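Undergrad: First the structure, which I've put down as structure tokens, then a few questions once you've had a look.
There are 2 protein chains.
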Amino acid sequence: MKPEDRFVERLRALLPASASVLLPPGDDAAVVARPSGPLAATTDLLVEDVDFLRGEDPERLGRRAAAVNLSDLAAIGAQPEFFLLAIGFRTELGEDFPLSIARGAVARAGEFGAALVGGDLSAAPQTIVAIALWGTPAAAPITRGGASPGEAVWLSGSPGQAAAGLRLARILAAFAEQGAKPTERFPSLSSADQRALLDAYHDPSPRVALGLSLARLGVASAAIDVSDGLGVDAGRLAHSSRVRIVLERDALPLSRPLRAFAEMEALDPIELALSGGDDYELLFTAREGDAPRLEACSRELGVPVTRVGRVESGRGALLRDGGLERHIASLGHDHLEAAR
Amino acid sequence: MKPEDRFVERLRALLPASASVLLPPGDDAAVVARPSGPLAATTDLLVEDVDFLRGEDPERLGRRAAAVNLSDLAAIGAQPEFFLLAIGFRTELGEDFPLSIARGAVARAGEFGAALVGGDLSAAPQTIVAIALWGTPAAAPITRGGASPGEAVWLSGSPGQAAAGLRLARILAAFAEQGAKPTERFPSLSSADQRALLDAYHDPSPRVALGLSLARLGVASAAIDVSDGLGVDAGRLAHSSRVRIVLERDALPLSRPLRAFAEMEALDPIELALSGGDDYELLFTAREGDAPRLEACSRELGVPVTRVGRVESGRGALLRDGGLERHIASLGHDHLEAAR
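Going line by line, the protein sequences match chains A and B. The opening position of the first sequence corresponds to residue 1 in the numbering used here, with each subsequent residue numbered one higher. The opening position of the second sequence corresponds to residue 1001 in the numbering used here, with each subsequent residue numbered one higher.
Right, dumping it as structure tokens:
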């Protein structure tokens, strides 16, 4: 178990039982009972040099901070409604800096129906963005704990693109410091491919529409958003559901830009997909017979989903490659381990 | 206008109008409309070396972070219900460190009926605590904007004690570094007085019961929690209500520990009261005829309240001392100005 997951288990042991807490700490979002029905809430804290690169554009950072939270509500199938935004920053940057963060967050959250209603500011030695977002579950919340042996495992989008985008952004930043022209270094990576990877990292697309549809259709037995790495997040879903998740290596939908970047950098694209993190795709489970409904839902929303594996009895998360099996639940980020 | 208040005005100009936002950014908490009735929400970000002293005890820090947020809901008259806790910390401190912060926050919020439902962790170069807290307004929310000329101005508790406590904590920390015995330095400040001042800073008492009673009785026309300094917060209430707030110097309830500390340090206790901040007392306005009801409410709750001034037509916040008047709206902390 990762240190962060152990922390959550210890934290849960601290909490008094409460009938109004429908989904306690340890899932993508909390769900609490209120007179009008359940309310879903989530928070994410982003710290400069840890969760994003130093000197990140503030408006883009605001968009990303909103997306990270929107993705949590997407994973449980809740409609985003309102958010609070707290910003720490070096005051010598002036008030335009937090205002740009707010502008980005307001725009990105607004695309998914969520409005900024308040916040807080503090001086800080580096940029800090904390968002708390809440909304209404579209139906019974999809938890991490509902997967059963025999079901299929599905994934939206293409894992690993954000990890490649982060590496590319670091390379470009190093070139910029040296005054070199980056384009000359990348003969095998088209501008469009570069853009696709950078966008996947800087401006991820939270799968809110997909999460809402999965909840309304009642078709996903469990779901998690892939924020820390496909490996570790598959392991978390497996742990919560008390099952084994087996992903098929050849089924992982690796994008052309990811393959091109990995080849150029002599990296294994599968490693980027398993341990990269920051994807904000949904990994979910469904009965085998529901494949046609899922494929219809995918077409309707224009969101690609791929069957990437199976739920088995047992524990842990594995990658199966022909006859070989490999444990992958430790591949990815842990917020209690070293900075990325 | 302080930079932070100007920021909030610019932020509000960014936001699309929304019928579901009943109390937008710029008050102590936000209030949004939901099917079952209004929901109040607030967030506060605390950063080490800025909002609290380096090396603060983590459990005490958790209690204080909860109290700061509880005070915001108190100011609008809302019952706290649940909260999210995001923590940034040096991972070499180990998972017991954020767990102690959580334990303190859970205990303090629990005293006021609020449960922890989720959170987030991140590595960070210093300790960061961000809480988002939700609750239900007991009646129509008390805003900063409802004061009218001719009303009285009231204050709970004793302002300036937390500011004195912070200074005392810094003195004690400096002594501890030198290995000196602090008690010998303080012949005129009893242990009980020291404890009262340190507690006022480290473990403030959010005035939740008072705020709820004021809302239920409909007796407060406007309120604000005194977090940044009596001067600046009186100015904020005046600005929102488009009135002038006049505080009477001789009416300010200065505590015996505060007077003793100020005398020892050759400080003016009035200055500590006006610009100190961190009091988390409620400053509120009420019709003159409501004094007996307020005094009865104060007795019933065991929360001291004092009539400290008057609402007049005009603008700004003044301290009246006999025939002299002094502008006080710039006295206190601004989160966009230098660190405290």
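Every residue gets a Cβ at the ideal spot worked out from N, C-alpha and C, and that includes glycine. What you are looking at is a predicted structure, and each value in this text was computed from that prediction instead of being measured.
In whole angstroms, what separates the C-alpha of A1176 (chain B) from that of A1164 (chain B)?
TA: Rounded to the nearest angstrom, the two C-alpha atoms are 18 Å apart.
Undergrad: So, is A1138 (chain B) buried or exposed, given that buried needs 16 or more other C-beta atoms within 10 angstroms?
TA: buried
Undergrad: What first and last residue would you give for the alpha helix (DSSP H) that runs through E1213 (chain B)?
TA: In the sequence as presented, Glu is not what sits at residue 1213 (chain B); that position holds Ser. It spans V1208 to L1217 - the alpha helix (DSSP H) in which S1213 (chain B) sits, taken as one unbroken run.
Undergrad: Flag I171 (chain A) as yes if its beta-carbon sits less than 8 Å from any beta-carbon of chain B, otherwise no.
TA: no
Undergrad: Quick one: give me the first and last residue of the beta strand (DSSP E) that D233 (chain A) is part of.
TA: For D233 (chain A), no beta strand (DSSP E) segment is defined; the enclosing uninterrupted segment is the alpha helix (DSSP H) at L230 to S241.
Undergrad: Is the distance from the Cβ of T1306 (chain B) to the Cβ of P1253 (chain B) below 8 Å?
TA: yes
Undergrad: For chain B, check one thing: does any of its Cβ atoms lie closer than 8 Å to the Cβ of A222 (chain A)?
TA: no
Undergrad: Which whole-angstrom value describes the C-beta separation of L70 (chain A) and S1122 (chain B), a residue pair presumed to lie in contact below a C-beta threshold of 8 Å?
TA: The C-beta separation of L70 (chain A) from S1122 (chain B) comes to about 18 Å, leaving the pair out of contact by the 8 Å criterion.
Undergrad: Out of A:D51, A:P98, A:G145 and A:S20, which one is the CA nearest neighbour of L39 (chain A)?
TA: A:S20
Undergrad: Closer than 8 Å, CB to CB, is I1245 (chain B) near chain A or not?
TA: no
Undergrad: In chain B, which residues lie less than 7 Å from R34 (chain A) when you measure between Cβ atoms?
TA: Near R34 (chain A) (Cβ distances below 7 Å), the residues of chain B are S1036.
Undergrad: If distances are taken between C-alpha atoms only, which option among A:I328, A:L324, A:V308 and A:R310 comes closest to A317 (chain A)?
TA: A:I328
Undergrad: Applying the 10 Å Cβ sphere with the 16-neighbour rule, what's the burial state of D120 (chain A)?
TA: D120 (chain A) is buried by the Cβ-count criterion.
Undergrad: Quick check on the burial criterion: 16 or more other C-beta atoms within 10 angstroms. Buried or exposed for L283 (chain A)?
TA: buried
Undergrad: R1242 (chain B): buried (16+ other C-beta within 10 angstroms of its C-beta) or exposed?
TA: exposed
Undergrad: Anything in chain A within Cβ reach of F1007 (chain B), meaning under 8 Å, just list it in chain order.
TA: What F1007 (chain B) touches in chain A, judged by beta-carbon distance under 8 Å, is E95, P98, L99 and L121, going in chain order.
Undergrad: Based on Cα-Cα distance, which residue from B:P1269, B:M1264 and B:V1106 lies nearest to P1187 (chain B)?
TA: B:M1264
Undergrad: Residues of the region 1060-1073 of chain B in Cβ contact with chain A at a cutoff of 8 Å, in chain order, please.
TA: none
Undergrad: Quick check on I142 (chain A): does DSSP put it in helix, strand or coil?
TA: Three-state result, I142 (chain A): coil.
Undergrad: I'd like to check one pair, A132 (chain A) with T378 (chain A): are the Cβ atoms closer than 8 Å?
TA: Outside the displayed range of chain A (1 to 340) lies residue 378 (chain A), so it cannot be described from this structure.
Undergrad: Looking at chain D, is there any beta carbon in it that lies within less than 8 Å of the beta carbon of P1292 (chain B)?
TA: Among the chains of the structure shown, chain D does not appear; the protein chains present are A and B.
Undergrad: If you draw a straight line from the alpha carbon of A33 (chain A) to that of E1081 (chain B), how long is it in whole angstroms?
TA: Each residue's CA atom was taken as its position, placing A33 (chain A) and E1081 (chain B) some 11 Å apart.
Undergrad: Quick test of your reading: A124 (chain A) and D72 (chain A), contact by CB under 8 Å. State the CB separation rounded to the nearest angstrom.
TA: Actually they are not in contact, since the Cβ atoms of A124 (chain A) and D72 (chain A) sit about 24 Å apart, beyond 8 Å.
Undergrad: Have a look at D1321 (chain B) and R1249 (chain B) and give me their C-alpha separation to the nearest angstrom.
TA: D1321 (chain B) and R1249 (chain B) have their C-alpha atoms some 5 Å from each other.
Undergrad: Should S1330 (chain B) and V1232 (chain B) be called a contact, given that it needs their Cβ atoms to be closer than 8 Å?
TA: Note that the C-beta distance between S1330 (chain B) and V1232 (chain B) is below 8 Å.
Undergrad: Using a Cβ distance threshold of 8 Å, determine whether the region 1283-1299 of chain B contacts the region 1136-1150 of chain B, with at least three qualifying pairs required.
TA: yes
Undergrad: Check whether the Cβ of E111 (chain A) lies closer than 8 Å to any Cβ atom in chain B.
TA: no
Undergrad: For L14 (chain A), does the count of other Cβ atoms within 10 angstroms reach 16, so buried, or fall short, so exposed?
TA: exposed
Undergrad: Is the beta carbon of R1063 (chain B) closer than 8 Å to that of G1110 (chain B)?
TA: no
Undergrad: Leaving out five residues on either side along the sequence, give the residues of the same chain with a beta carbon under 7 Å from the beta carbon of M1 (chain A).
TA: Here M1 (chain A) has no same chain residue with a Cβ atom under 7 Å from its own Cβ, once five neighbours each way along the sequence are excluded.
Undergrad: In three-state DSSP terms, what is R1079 (chain B)?
TA: Contrary to the premise, residue 1079 (chain B) reads as Gln rather than Arg in this sequence. Here Q1079 (chain B) sits in strand by DSSP.
Undergrad: Could you tell me whether the Cβ atoms of L1189 (chain B) and A1169 (chain B) are closer together than 8 Å?
TA: no
Undergrad: Going by Cα to Cα distance, which pick from A:A192, A:A296 and A:D334 is closest to L217 (chain A)?
TA: A:A296
Undergrad: Is it buried or exposed, S191 (chain A), if we count other Cβ atoms within 10 angstroms and call 16 or more buried?
TA: exposed
Undergrad: Alpha carbon to alpha carbon, how far is G118 (chain A) from Q194 (chain A)?
TA: 36 Å
Undergrad: Who are R1259 (chain B)'s beta bridge partners in DSSP?
TA: None; R1259 (chain B) has no bridge partner.
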